[in-house]
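In our numbering, the protein residues as written are 4 to 133.
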């Protein structure tokens, strides 16, 4: 019985970590996509792991897609909190997934991004567009 609330709390902590990592993203943070030998200050609020996660999300999904994924995770958290079965909400989850692919494709085609650095729509948007 205690396992379910612990899962909800850990899910909320994961969401806070992702939000802090994306909001405090800086393109000069050390990550797998950018490395420098100079001992620069780490700007990301999530630390080294936050910089890696934010850089990966922005690389693969772009800025708009990354924040859409956060919105989708918040919706799943709402469903879990209300103890609704994910099997009965499969239409909404499929709509969120379809909307994600549509958003990253449109962001790639129109070169729209909420974060100035990086690829609009990310690699996923470029893959779908081509």
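Virtual Cβ for every residue (Gly too), placed ideally from N, Cα, C.
Because the structure is a prediction, the values reported are computed rather than measured.
According to DSSP, is residue i helix, strand or coil?
i: residue 69; result: helix
i: residue 34; result: strand
i: residue 50; result: helix
i: residue 133; result: coil
i: residue 98; result: helix
i: residue 91; result: coil
i: residue 7; result: helix
Residues in the same chain with beta-carbon distance under 7 Å from residue i, minus the five sequence neighbours each way, listed in chain order, please.
i: residue 11; result: 83 and 84
i: residue 111; result: 123, 124, 128, 129 and 132
i: residue 92; result: 82
How close, in whole Å, do the beta carbons of residue i and residue j come, if the pair is a contact with beta carbons under 8 Å?
i: residue 48; j: residue 24; result: 7 Å
i: residue 66; j: residue 97; result: Incorrect: roughly 24 Å between the Cβ atoms, too far for contact.
i: residue 70; j: residue 99; result: Contact doesn't hold; Cβ gap of about 13 Å is too wide.
i: residue 64; j: residue 72; result: 6 Å
i: residue 19; j: residue 53; result: The pair is not a contact, with the Cβ atoms about 11 Å apart (cut-off 8 Å).
i: residue 68; j: residue 106; result: 6 Å
Spatial neighbours of residue i within its chain, please: CB distance less than 8 Å, with the 5 preceding and 5 following residues excluded, ordered by chain position.
i: residue 51; result: 33 and 45
i: residue 108; result: 124, 128, 131 and 132
Quick one: any contact between the segment 44–60 and the segment 28–35, if contact means 3 or more CB pairs under 8 Å? yes
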